[in-house]
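Chemist: My questions all concern the structure below.
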Amino acid sequence: MIDEESLRTLVVAEAELSETIMRAYILRRVAFIQGMHAGVMVIGSTASAATHHVRHFLSRNGQPSAYFDIVEHAETKDLLARYEVTVADIPVVVTSQGTVLRQPSNRAVADAIGLSPDRLNGASFDLVVVGAGPAGLAAAVYAASEGLKVAVLDVKAPGGQAGTSSKIENYFGFPTGISGQALAGRGLSQCRKFGAEVGVPIEALTIDCDDGRAFHIGLNYDEMVHARAVVIATGARYRKPEINRLEEFEGRGIYYSATFMEAALCNNHEVIVVGGGNSAGQAAVFLAKFAKHVHVVIRGEGLSASMSDYLIRRINVASNITLHAKTTIVELCGESQLEAIKWDRQGRIEHQSVRHVFLFLGAQPSTKWLGDCVALDKAGFVLTGAATGGEWSAARPPHDLETSTPGIFAAGDVRSGSVKRVAAAVGEGAAAIQAVHQYLAS
């Protein structure tokens, strides 16, 4: 038996052996997932938002699970009795070690299956990367591979918004496309290969930048990490439209990602995708393989200003995708689950029977946790480089990716003026590490 640190030293030192080990690791995991060798069991209901959230968390983190529905699967009654739980306890999660969790939080699930490291709280790092999307993962890979002690934290799962994309077809080096989750999974493997600590689901709540020697990041569950430098890569989240009962139907007809798990719910149903960006386009094309019909709803007149041309062409030629321009959803209808919507189609209010609506609207930066530590633009995105203007007080000029506080950098969608594309985020994450080295050396 070889311990984790010895294995990591081996794969870093021996390039050819490293390739064999990493390939075997990835292929084994793919076979594990495709073969449905689930290490986790979930007992729940499709009418339960909490059940959807638990399954989504497991799926996004590459954890295969077996799902048993209290209505659809007859064997569920025996499972409830075996594990001494009731319908009132759902969702119920049972780990491979037999641990039974009733209505667990994501953190409780992560702790039970060994997803979260137990050595982060109170630890000090050369660099803490907050956010494990493309920018954050790239920053962590480059920093760890160059000898820095690194931690990368994310409140949900590796991949960020890109991790929810069913297929990214315009990312360099993947002519047949790659799913966002697969891309994130490979980045995550590289992080761990080079020794970066990965913390999921860990949320940064505060940052203290007044020390002058280190930054102190307050986390959920009353935990804290310390860093000599920080890369902010928290990205942006989809905007929630102001519609009554929206939160009531989240996970029960309202979704913010389109993965195979959500697609399975839409088999032979009509669905609505709201949004005009690439994420919405990718979701529409993907869901069209499962759904009876996909209605793409946008407020504007067309897609050309906000969506890549290859996705527009896919949508135009698909027989079961219809674009509804100058249209907005104004009401959600249903009891325990979404059953229908009302939309305003160019001034006409119409009723549409639909049980699944996917929202991919705009972008709101995840920067509330920063307080007044760094300067933000009017929309809440992080200012960097020359854009920091009078907020920068050091004698030297800031790096292009450095915030108004020396030693804190920003990369990816969270940065003001950034190009909202996966490749751009990866490039910024990698570029930020050169600046981190320069800062630490000074």
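Counted the way UniProt numbering counts, the sequence shown spans residues 1 to 442. In this text, a Cβ means the ideal position worked out from N, Cα and C, and glycines have one as well. As the structure is a computational prediction, the values presented were derived from the model and not from experiment.
With distances taken Cα to Cα, identify the nearest neighbour of K289 among N278, V271, G302.
Modeler: Start at 1 with the first residue of the sequence shown, and residue 289 comes out as number 289. Here the closest residue by C-alpha is V271.
Chemist: Buried or exposed: D210, going by 16 or more other Cβ atoms within 10 Å of its Cβ?
Modeler: On the sequence shown, position 210 is the one that residue 210 refers to. Its Cβ having fewer than 16 others within 10 Å, D210 is exposed.
Chemist: If you check the beta carbons only, do E203 and L153 fall under 9 Å apart?
Modeler: Numbered from its first residue, the sequence shown carries residue 203 at position 203. Numbered from its first residue, the sequence shown carries residue 153 at position 153. A contact, by the Cβ cut-off of 9 Å.
Chemist: Could you name the residues of the same chain whose beta carbon sits closer than 6 Å to that of A375, not counting the 5 residues immediately before and after it, in chain order?
Modeler: Walking along the sequence shown from the start, residue 375 turns up at place 375. Closer than 6 Å at Cβ, skipping near neighbours: L383, T388, E391, S404.
Chemist: Using a Cβ-Cβ cut-off of 6 Å (strictly less than) and excluding sequence neighbours within five positions of F249, which residues of its own chain qualify?
Modeler: Translated into positions along the sequence shown, residue 249 becomes position 249. Result list for F249: L332, L338, in chain order.
Chemist: Who does I254 pair with in a DSSP beta bridge?
Modeler: As a position in the sequence shown, residue 254 is number 254, starting the count at 1. Answer is E250, V357.
Chemist: In terms of residues, what are the limits of the alpha helix (DSSP H) holding G185?
Modeler: The residue labelled residue 185 in the question sits at position 185 within the sequence shown. 180 to 193 is the extent of the alpha helix (DSSP H) around G185.
Chemist: Where does G163 fall in DSSP's three states?
Modeler: Here residue 163 is taken as the residue at index 163 of the sequence shown, counted from 1. Here G163 sits in helix by DSSP.
Chemist: Among Y439, G371, P117, K420, whose alpha-carbon lies nearest the alpha-carbon of R396?
Modeler: Start at 1 with the first residue of the sequence shown, and residue 396 comes out as number 396. It is Y439 whose Cα lies nearest to the Cα of R396.
Chemist: Can you confirm whether the segment 42 to 57 touches the segment 94 to 110 when touching is taken to mean that 3 or more C-beta pairs between the two stretches lie within less than 8 Å?
Modeler: Output reads yes: the segment 42 to 57 touches the segment 94 to 110.
Chemist: Buried or exposed, going by whether 16 or more other CB atoms sit within 10 Å of the CB of L115?
Modeler: One-based indexing of the sequence shown puts residue 115 at position 115. Buried, by the Cβ-count rule.
Chemist: Count the other CB atoms, across all protein chains shown, that sit within 10 Å of the CB of P175; report buried if there are 16 or more and exposed otherwise.
Modeler: For this step, residue 175 is matched to residue 175 along the sequence shown. P175 comes out exposed.
Chemist: From R237 to G180, what does the alpha carbon distance come to, in whole angstroms?
Modeler: As a working note, residue 237 is residue 237 in the sequence shown. As a working note, residue 180 is residue 180 in the sequence shown. Approximately 16 Å, taken between the alpha carbons.
Chemist: Taking the alpha-carbon positions, what's the G380 to V130 distance?
Modeler: In the sequence shown, the residue the question calls residue 380 occupies position 380. In the sequence shown, the residue the question calls residue 130 occupies position 130. Near 17 Å, if we compare the C-alpha coordinates of V130 and G380.
Chemist: For the ligand MN, is there a heavy atom less than 8 Å away from the beta-carbon of Y83?
Modeler: Absent from the structure shown: the ligand MN. Ligands present: none.
Chemist: Identify whether E270 lies in helix, strand or coil by the three-state DSSP scheme.
Modeler: Numbered from 1 along the sequence shown, position 270 holds the residue referred to as residue 270. E270 falls in the strand class under three-state DSSP.
Chemist: In the structure shown, what three-state DSSP assignment does R82 receive?
Modeler: The residue given as residue 82 occupies position 82 in the sequence shown. If DSSP states are grouped into helix, strand and coil, R82 belongs with the helices.
Chemist: Reducing DSSP to helix, strand and coil, say where Y67 ends up.
Modeler: As a working note, residue 67 is residue 67 in the sequence shown. Reduced to three states, the DSSP call for Y67 is strand.
Chemist: For G173, tell me which candidate among A291, V422, R345, N267 has the shortest Cα-Cα distance.
Modeler: Position 173 of the sequence shown holds residue 173. When each option's Cα is compared against that of G173, the closest is V422.
Chemist: Can you tell me the Cα-Cα spacing of L323 and L361, whole angstroms?
Modeler: Residue 323 sits at position 323 when you count from the first residue of the sequence shown. Residue 361 sits at position 361 when you count from the first residue of the sequence shown. Between L323 and L361, the C-alpha separation is close to 16 Å.
Chemist: To the nearest angstrom, how far is it from the Cα of E75 to the Cα of T86?
Modeler: For this step, residue 75 is matched to residue 75 along the sequence shown. For this step, residue 86 is matched to residue 86 along the sequence shown. Taking the straight line from one Cα to the other gives about 14 Å.
Chemist: Can you give me the Cβ contacts of A214 inside the same chain, cut-off strictly under 8 Å, excluding the 5 residues immediately before and after it?
Modeler: In the sequence shown, counting from the first residue as 1, residue 214 sits at position 214. Excluding positions up to five away in sequence, the list reads S124, H226, A227, R228.
Chemist: Assuming I433 contacts Y142 under a Cβ cut-off of 8 Å, what Cβ separation, rounded to an integer in Å, is found between them?
Modeler: Residue mapping note: residue 433 aligns to position 433 of the sequence shown, counting from 1. Residue mapping note: residue 142 aligns to position 142 of the sequence shown, counting from 1. Right, the Cβ-Cβ distance comes to about 4 Å (below 8 Å), so this counts as a contact.
Chemist: Just curious, the beta strand (DSSP E) that G199 is in, first and last residue?
Modeler: Numbered from 1 along the sequence shown, position 199 holds the residue referred to as residue 199. That run of the beta strand (DSSP E) goes 197 to 199.
Chemist: Check for me: the alpha helix (DSSP H) holding A411 runs from which residue to which?
Modeler: For this step, residue 411 is matched to residue 411 along the sequence shown. From DSSP, A411 is part of no alpha helix (DSSP H); its letter is neither H nor E.
Chemist: Checking 9 Å against the spacing of the C-beta atoms, do I298 and V274 come in under that value?
Modeler: Residue numbering aside, residue 298 sits at position 298 when the sequence shown is read from its first letter. Residue numbering aside, residue 274 sits at position 274 when the sequence shown is read from its first letter. For I298 and V274, yes; Cβs fall inside 9 Å.
Chemist: Rounded to whole angstroms, what's the CA-CA distance from S393 to H52? Just pull it up for me.
Modeler: Counting from one through the sequence shown, the residue named residue 393 turns up at place 393. Counting from one through the sequence shown, the residue named residue 52 turns up at place 52. Roughly 47 Å between the two C-alpha positions.
Chemist: Which same chain residues, not among the five before or five after E223, have their C-beta less than 8 Å away from its C-beta?
Modeler: Residue numbering aside, residue 223 sits at position 223 when the sequence shown is read from its first letter. These residues qualify, in order along the chain: L120, N121, G122, I202.
Chemist: Confirm, please, whether the CB-CB distance from L183 to P134 is below 9 Å.
Modeler: The residue you call residue 134 lines up with position 134 of the sequence shown. The residue you call residue 183 lines up with position 183 of the sequence shown. Contact: yes.
Chemist: Helix, strand or coil: which one does DSSP assign to R299?
Modeler: Taking the first residue of the sequence shown as 1, we reach residue 299 at position 299. Three-state result, R299: coil.
Chemist: Hey, A139 and F194 are a contact pair by Cβ (cut 8 Å); roughly how many whole angstroms apart?
Modeler: Indexing the sequence shown from 1 puts residue 139 at position 139. Indexing the sequence shown from 1 puts residue 194 at position 194. The Cβ separation is near 12 Å, so there is no contact.
Chemist: Give me the residue from K420, I168, G62, A410 with the minimum Cα distance to K156.
Modeler: Walking along the sequence shown from the start, residue 156 turns up at place 156. Ranking K420, I168, G62, A410 by Cα distance to K156 puts G62 first.
Chemist: Out of curiosity, what's the CA-to-CA distance linking L219 and T206?
Modeler: For the purposes of this step, residue 219 is taken as residue 219 along the sequence shown, with counting starting at 1. For the purposes of this step, residue 206 is taken as residue 206 along the sequence shown, with counting starting at 1. C-alpha separation (whole angstroms): 7 Å.
Chemist: Mind checking who G380 pairs with in its DSSP beta bridge?
Modeler: Against the sequence shown, residue 380 aligns to sequence position 380. DSSP, once it has assigned bridges, lists no residue as partnering G380.
Chemist: Tell me whether the beta-carbon of G429 lies closer than 9 Å to the beta-carbon of G136.
Modeler: As a first step, residue 429 must be located in the sequence shown, where it is residue number 429. As a first step, residue 136 must be located in the sequence shown, where it is residue number 136. Going by C-beta atoms, G429 is nearer than 9 Å to G136.
Chemist: Assuming I43 contacts I90 (C-beta within less than 8 Å), just tell me the rounded distance between them.
Modeler: Reading the sequence shown from its first residue, position 43 is the one you call residue 43. Reading the sequence shown from its first residue, position 90 is the one you call residue 90. The Cβ separation is near 6 Å, so the contact holds.
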